[in-house]
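Input: a single structure, listed below in structure tokens.
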């Protein structure tokens, strides 16, 4: 509960950004903002983070703004011409955004390479990556997963934002549950499932997995609801794409302020 | 060139502990020296080229210079998006090394050829393609590549030494300027060996200026090349690559931009598989008119 006001505050900021820009990808950011709080607000020296599902850029921008890594005046430029904050993260603009993502299936190979490099340099710290469950359709996911297991990269920690929806349907209907714990355990990952909207629970599991130097890469399956916090968006595929009108925006903000104690 | 590459690289990595070598599960009978020399900095990524490039970008972001090795088609086409997004957008020192460029793998067939690789890569942000013709410009290209710490592609092929009378330059190599030259010849890749074979015994040899351009993209015409074209007004380009996106199209653009007057411009290039049949590298070169006899005959049409 202690994290609830922050979870609510960042949700209102996400909605404000999208409303001003009249842009989509709202549901995707509301799905994973709590995961990003648990990773980025509590990041330790030597840790790295890659947002592989780059379409949740507003969640990334709001948490980085919250921790002082993106200035307020830049936030105002989101989605506008001559911005450093386009709809998907740009390259070489902010130290906390090491890679421009947006095409799915890139983050895990990048994070796996970082984990391997840390190992070669004998550096501490965890290589974190946040993927969507739909993204586990991508072949590179499995190329990287096998490499991480074969190379015993227990400093790699994947979060999967498992909201069960992808671009044009539900993950189970399209390619089956490629983000299932059984599949990843069979490959050789250590897997934990957790409520992806409970920051305290995620911090607890994250610490346990990160501290467990057992030679196994780690997967944290965060069970989430797309559009979490705005009832008419929740678990609705179309809120991958739709923008908010004025009325919906006011209602959504009021609801979040009430539910998240802000 | 592969053996020359691995031997030279062995010397480079001995003095630089920030270089990682990743292979896409290839290198039998060529890279064993590097396995022994590099220890845990020699990594086999398995048959997974996209992940190899993505991981290399991740490693490079942590301060390493990373070589990604496979045969040319495998390390270019499947992982083009990884090269573009992960490596080039971030200007990272990841070096894509492709063996057997052009028709180099001959009878192995079209899956193993790379005759569009420069077109795919040379236009990418921050990318430099090194397409050496000889062992010497391969080494100088590697030196430049390691010093620049930027994205690069090194296309390896037949490894012959620089011919007599040809000197290394910043862009590749060239023959001594001939004040009476009537034809400027520009070649790229080891198909340049066919050009020099064609020139041997050709009575017009002394009336040509020869340039081997080993770096792409070609942003400007080197001064001596530009002067030669202005002098001769005749150009022949020879490349083991398709016309689109290769050295021939680059030279044609630059000639026009500079307003140079050219009477005759011939491009000898990889024509693909015009008869639908397959054979050795030499066979495919001949089908495309890149063999020494056709090159010699083409030279003679200028005189």
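Residue numbers (our numbering), protein chains in the order written: chain W, 0 to 261; chain H, 365 to 667.
We put the CB at the ideal spot given by N, CA and C, even for glycine.
Using 7 Å as the limit for Cβ to Cβ distance, is residue i near chain W?
{"i": "residue 344 of chain H", "result": "Any property of residue 344 of chain H remains undetermined from this structure, which presents chain H solely from 365 to 667."}
{"i": "residue 415 of chain H", "result": "yes"}
{"i": "residue 426 of chain H", "result": "yes"}
{"i": "residue 418 of chain H", "result": "yes"}
{"i": "residue 412 of chain H", "result": "yes"}
{"i": "residue 656 of chain H", "result": "no"}
{"i": "residue 382 of chain H", "result": "no"}
{"i": "residue 368 of chain H", "result": "no"}
{"i": "residue 450 of chain H", "result": "yes"}
{"i": "residue 385 of chain H", "result": "no"}
{"i": "residue 406 of chain H", "result": "no"}
{"i": "residue 453 of chain H", "result": "yes"}
So what's residue i in DSSP terms, helix, strand or just coil?
{"i": "residue 47 of chain W", "result": "strand"}
{"i": "residue 66 of chain W", "result": "coil"}
{"i": "residue 90 of chain W", "result": "coil"}
{"i": "residue 221 of chain W", "result": "strand"}
{"i": "residue 486 of chain H", "result": "coil"}
{"i": "residue 562 of chain H", "result": "helix"}
{"i": "residue 165 of chain W", "result": "strand"}
{"i": "residue 119 of chain W", "result": "helix"}
{"i": "residue 443 of chain H", "result": "coil"}
{"i": "residue 514 of chain H", "result": "coil"}
{"i": "residue 606 of chain H", "result": "coil"}
{"i": "residue 636 of chain H", "result": "coil"}
{"i": "residue 583 of chain H", "result": "coil"}
{"i": "residue 127 of chain W", "result": "strand"}
{"i": "residue 631 of chain H", "result": "strand"}
{"i": "residue 596 of chain H", "result": "helix"}
{"i": "residue 235 of chain W", "result": "coil"}
{"i": "residue 75 of chain W", "result": "coil"}
{"i": "residue 466 of chain H", "result": "strand"}
{"i": "residue 622 of chain H", "result": "helix"}
{"i": "residue 547 of chain H", "result": "strand"}
{"i": "residue 537 of chain H", "result": "strand"}
{"i": "residue 80 of chain W", "result": "coil"}
{"i": "residue 390 of chain H", "result": "coil"}
Tell me whether residue i is buried or exposed, calling it buried when 16 or more other Cβ atoms sit within 10 Å of its Cβ.
{"i": "residue 371 of chain H", "result": "exposed"}
{"i": "residue 240 of chain W", "result": "exposed"}
{"i": "residue 654 of chain H", "result": "buried"}
{"i": "residue 127 of chain W", "result": "buried"}
{"i": "residue 167 of chain W", "result": "exposed"}
{"i": "residue 505 of chain H", "result": "buried"}
{"i": "residue 252 of chain W", "result": "buried"}
Hey, residue i and residue j: beta-carbon distance below 7 Å or not?
{"i": "residue 577 of chain H", "j": "residue 536 of chain H", "result": "yes"}
{"i": "residue 483 of chain H", "j": "residue 609 of chain H", "result": "yes"}
{"i": "residue 124 of chain W", "j": "residue 49 of chain W", "result": "no"}
{"i": "residue 432 of chain H", "j": "residue 424 of chain H", "result": "no"}
{"i": "residue 47 of chain W", "j": "residue 113 of chain W", "result": "yes"}
{"i": "residue 601 of chain H", "j": "residue 615 of chain H", "result": "yes"}
{"i": "residue 134 of chain W", "j": "residue 109 of chain W", "result": "no"}
{"i": "residue 385 of chain H", "j": "residue 402 of chain H", "result": "yes"}
{"i": "residue 476 of chain H", "j": "residue 90 of chain W", "result": "no"}
{"i": "residue 519 of chain H", "j": "residue 436 of chain H", "result": "yes"}
{"i": "residue 215 of chain W", "j": "residue 189 of chain W", "result": "yes"}
{"i": "residue 143 of chain W", "j": "residue 111 of chain W", "result": "yes"}
{"i": "residue 226 of chain W", "j": "residue 238 of chain W", "result": "yes"}
What distance in whole Å lies between the Cβ atoms of residue j and residue i, which are believed to be in contact at a cut-off of 8 Å?
{"i": "residue 408 of chain H", "j": "residue 389 of chain H", "result": "6 Å"}
{"i": "residue 634 of chain H", "j": "residue 467 of chain H", "result": "7 Å"}
{"i": "residue 492 of chain H", "j": "residue 516 of chain H", "result": "5 Å"}
{"i": "residue 210 of chain W", "j": "residue 224 of chain W", "result": "Wrong, their Cβ atoms sit about 29 Å apart, outside the cutoff."}
{"i": "residue 478 of chain H", "j": "residue 440 of chain H", "result": "6 Å"}
Please check if any C-beta of chain H sits within less than 7 Å of the C-beta of residue i.
{"i": "residue 113 of chain W", "result": "yes"}
{"i": "residue 97 of chain W", "result": "yes"}
{"i": "residue 223 of chain W", "result": "no"}
{"i": "residue 87 of chain W", "result": "no"}
{"i": "residue 155 of chain W", "result": "no"}
{"i": "residue 143 of chain W", "result": "yes"}
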